[in-house]
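This report concerns only the one structure given below.
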Amino acid sequence: MAERQLEGLMSVTLEKIKEMTGSNTIIGEPIRVDGATILPVSKVTFGFAGGGSDFGAKTTKELFGGGTGAGVSVTPVAFLIVKDGNVRTVQLADSSSTVDRALNMLPELVDKLSGMLGKKESADPAGETPQE
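Each residue of the sequence shown is one higher than the last, beginning at 0 in numbering that gives the first Met the number 0.
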């Protein structure tokens with residue numbers, strides 16, 4: 000019986016965390032302003048703990064003690080700005096790690112590669128590739 004009570008406590012707590020941290024929490028709802036679309040980007044961290052104990056009873060009634068807890072932190076970290084087919088990242092905090100800097104450069108890199116590939120295709124309109 001105690002297993003079911005603890006399972007119920009944990010299920011309710013996890014369900015509430017799931018409700019709070021949906022996909023729109025990380026990449027927010029698009030905001031349209033002056034021909035641009037702005038997407039807020041957030042970092043979500045959470046922790047979860049649960050435990051319980053059943054006590055032997057002198058009566059036929061079972062005793063149970065248990066609890067669960069969780070914490071959720073949502074921190075805005077950047078905005079993706081899409082305008083005229085270009086994507087730009089505006090970061091809210093200083094990016095000190097190499098991974099952060101690389102991720103910030105990714106949209107610009109994709110744009111440049113797309114532009115280079117577009118120029119290459121327009122230079123070879125027949126779509127033929129040289130034979131090796």
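Beta carbons are placed, not taken as given, at the ideal position from N, Cα and C, and that holds for glycine.
{"Query": "Does at least one heavy atom of the ligand MN sit under 7 Å from the Cβ of A101?", "Result": "Summarising the ligand content, the structure contains no ligands, and the ligand MN is consequently not present."}
{"Query": "Restricting to runs no shorter than 3 residues, where is the beta strand (DSSP E) found entirely within the segment 1-69?", "Result": "30-32, 35-54"}
{"Query": "Would the segment 76-86 and the segment 21-37 be scored as touching if the rule is three or more Cβ pairs under 8 Å?", "Result": "yes"}
{"Query": "Excluding sequence positions up to five away, which residues of its chain have a Cβ less than 6 Å from the Cβ of G68?", "Result": "A48"}
{"Query": "Are the Cβ atoms of G64 and S52 separated by less than 8 Å?", "Result": "yes"}
{"Query": "With DSSP collapsed to three states, give me the class of L91.", "Result": "coil"}
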